[in-house]
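Numbering (the numbering used here), first residue to last: 346 to 1239.
Here a beta-carbon is modelled for each residue, glycine too, at the ideal position from N, C-alpha and C.
Since this is a predicted model, take the numbers as computed values, not measurements.
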């Protein structure tokens, strides 16, 4: 079979175009075996090759080579051709696959949910003696619409829309059609149109008529034209949604905590209110010690395993033990009546059920065909997870460093540990059993959401637990001697220390970021959209020594520290090495330690000179200080401890751990005592270095890092990608996110431009998610009551009201705030469920402070927020539901 590849590909002198594909004749995706195309004229490149006659399908792509470097097309998508037996000669006319204007529409959120065409017109592949096979991308075609081909030929309807050729979307979002080219008279002009299945409405493609710019098709030939895009001029769609953690859901048949079955009820609610998306927090297993500290959803022990607490017990089966049943039913009513999640009691009694149901039905389930298929597909993570969980419980610690012979992961030992012949096997197999049920229940929730046209949006945490399975099993991927967090921001003056190890990007890059790809691909089993937590970490991450508690003794990785010459050239006369260690002038001791200054000087400090002191070696790190005062909670001890923490951070430079002769300026250094001592010249020099480091020096460098990390990851699935880009944002972030079409996060009260108090909602980009607040922030109502002066400015400047702002945010103002967000240009407007309920006096919570999900400044915060009304009741609240639906319709969101 002869196949001719042809593509218009703009090049300059010295550049060449090459072809690779899925079959041996196309090099099997190996660029070293690529086929060279030949240049003819007007940027046309072509090559003809022989492909075995029994080949039924090929996928292929083109790439450009310039100065020996390979560049793939901007939209890294494969061309795909199915060969019919009718012809032996194929001419493939491909158009350069420029990245679509709205790449989001090609994600599964749109193609499999919002625009999914279940009742598509089957492809009529009628291959005549001379055949043209035409394809066009049109992803935003709604479910009641389709695409047709029309033109100046009889076979194309002679511009009569009633005679246009209806195209198939069997391979949606690409529409296709074959037609007989025998009677064509050139030039052939044509267009694509959208027709409505329910009426006569026709939408014509914009622009001039297309012209079929290929040689006439000869007998026995098929010409396939690919890479076309429908040209439209109508507005892009916008949608609304709800954000709520799974654990916060409340239903009548729950067990003190939300579960995956509750997601189905939430789907019903968002559907009747006209919403299209549900956003949740991470749902991976976080079990470290079965206490409330495990409630933190961003510290999972596994990036794959789901949390057993999200299992709906009724769906797992009915216990035959009547007395235990009654005991659990009583406890269920007790826990379900609580206003908050009692994590420990819920965990305890759900596990009583898990062990009993496993004892009753486990062997049968583990022997089933469904489980065996699940185990086969997931055993690479399932066996380590189950073994880890077993060892954690018998060793009474999640710190694998204390597990003796299992402290260092050994695949042979771990596999042997889960041998079915072992006496303890049931204690491991129960985790296989639970993960299988979790998979079934979450898959059922996803499929139900799809059937109702609702997107499920997940959350990928930036970090992994330093004592979790990934750190145990694949430690080489991480910098275990550091912990990551965030610089100081509105949430915390001392920054955030999340305690996660940093990523070893150099090692990850060597295997093509396979660790990340497997993580994203696993998530795609359950979600069609996801939020990348702290996407700034893919540009650079804030790395903190393991000896620190605060996040001030830290610098970005990767970054470009200053050399001694650069520091000197900036005009600084002092030795940065001496300014890289805690020290304080004695005249400041009273200001820092108050009445305890003399005692502190004698017990905790050592003298450096006649005027300066530093920390004693017993307390020269924050971890040592914390340990020293661990059992002391009196006022005096806490005062001294906190002041010593401040002194431990009192320096201007941080020595780079890989290049000791280079230095990073310390974040917020102008608040230190040592900064106060600098003379005017040295202050100016340091300020210049500081500004250059944090706001200029890394722009191009971090942009390069982001592309290197993000492109392989976001392209490994077809999920819709959203990024949480709050915090200290490098200038390159908006450019990279817009170029890659990663939806940004826009919050009115957290503007990204300097020197403004509130974001202008009229100017936020289309490729974004706008919201009133996140799980790390107070809701509208709590925020309103937090700062009266700021609220007054917002009331006057943004809401345009006269007079004094009310002390408590009334429902009509909550409603207006949400309406303002709905009317923005953001593709997605997703609001916390608490804020939706705040627009109705009858439904809203009596105490808005109890609706707070997380307080980032508190690393031991208890994540226990629950809806104060059940979803079952919410479904019956017609006034609220109709109001939300009207608000969404009035904002012209689909």
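Could you tell me the alpha carbon to alpha carbon distance between residue i and residue j, rounded to whole angstroms?
i, j, result
"residue 405", "residue 638", "50 angstroms"
"residue 425", "residue 416", "20 angstroms"
"residue 1074", "residue 1097", "8 angstroms"
"residue 667", "residue 674", "10 angstroms"
"residue 420", "residue 443", "6 angstroms"
"residue 980", "residue 705", "54 angstroms"
"residue 782", "residue 498", "58 angstroms"
"residue 556", "residue 1156", "57 angstroms"
"residue 1184", "residue 1215", "17 angstroms"
"residue 648", "residue 922", "40 angstroms"
"residue 987", "residue 906", "29 angstroms"
"residue 1032", "residue 969", "31 angstroms"
"residue 1167", "residue 595", "26 angstroms"
"residue 928", "residue 1088", "45 angstroms"
For residue i, which of helix, strand or coil comes out of DSSP?
i, result
"residue 804", "strand"
"residue 729", "helix"
"residue 972", "helix"
"residue 672", "helix"
"residue 493", "strand"
"residue 841", "strand"
"residue 641", "coil"
"residue 357", "coil"
"residue 751", "helix"
"residue 568", "strand"
"residue 1193", "helix"
"residue 1078", "helix"
"residue 1015", "helix"
"residue 550", "coil"
"residue 451", "helix"
"residue 365", "strand"
"residue 894", "coil"
With DSSP as the reference, identify every bridge partner of residue i, one or two as the case may be.
i, result
"residue 534", "556"
"residue 525", "476"
"residue 587", "623 and 1176"
"residue 988", "Residue 988 is not bridged to any residue."
"residue 907", "1008"
"residue 912", "Beta-bridge pairing links residue 912 to no other residue."
"residue 680", "The partner list for residue 680 (beta bridge, DSSP) is empty, contrary to what the question assumes."
"residue 426", "403"
"residue 1065", "874"
"residue 347", "395 and 434"
"residue 1113", "1089"
"residue 411", "360 and 414"
"residue 901", "887"
"residue 828", "889"
"residue 481", "520 and 573"
State the start and end residues of the unbroken alpha helix (DSSP H) segment that holds residue i.
i, result
"residue 790", "770-796"
For the beta strand (DSSP E) that residue i lies in, which residues bound it at each end?
i, result
"residue 1010", "1007-1010"
"residue 515", "513-516"
"residue 1000", "998-1000"
"residue 701", "Here residue 701 belongs to no beta strand (DSSP E); instead the alpha helix (DSSP H) covers 688-711."
"residue 952", "950-952"
"residue 886", "886-890"
"residue 935", "Counting along the chain, residue 935 falls outside any beta strand (DSSP E), though it belongs to the alpha helix (DSSP H) covering 934-938."
"residue 1229", "Where residue 1229 is concerned, there is no enclosing beta strand (DSSP E), although the alpha helix (DSSP H) it sits in stretches over 1223-1235."
"residue 957", "957-960"
Classify residue i as buried or exposed, calling it buried when 16 or more other Cβ atoms lie within 10 Å of its own Cβ.
i, result
"residue 951", "exposed"
"residue 659", "exposed"
"residue 900", "buried"
"residue 1127", "buried"
"residue 1221", "exposed"
"residue 932", "exposed"
"residue 568", "buried"
"residue 1139", "buried"
"residue 393", "exposed"
Answer yes or no: does any C-beta atom of chain C fall closer than 9 angstroms to that of residue i?
i, result
"residue 1146", "Considering every chain present, this structure includes no chain C. It has just one protein chain."
Is residue i near the ligand SAM - that is, is its Cβ less than 8 angstroms away from at least one heavy atom of it?
i, result
"residue 1075", "For the ligand SAM, the structure offers nothing, since it holds no ligand at all."
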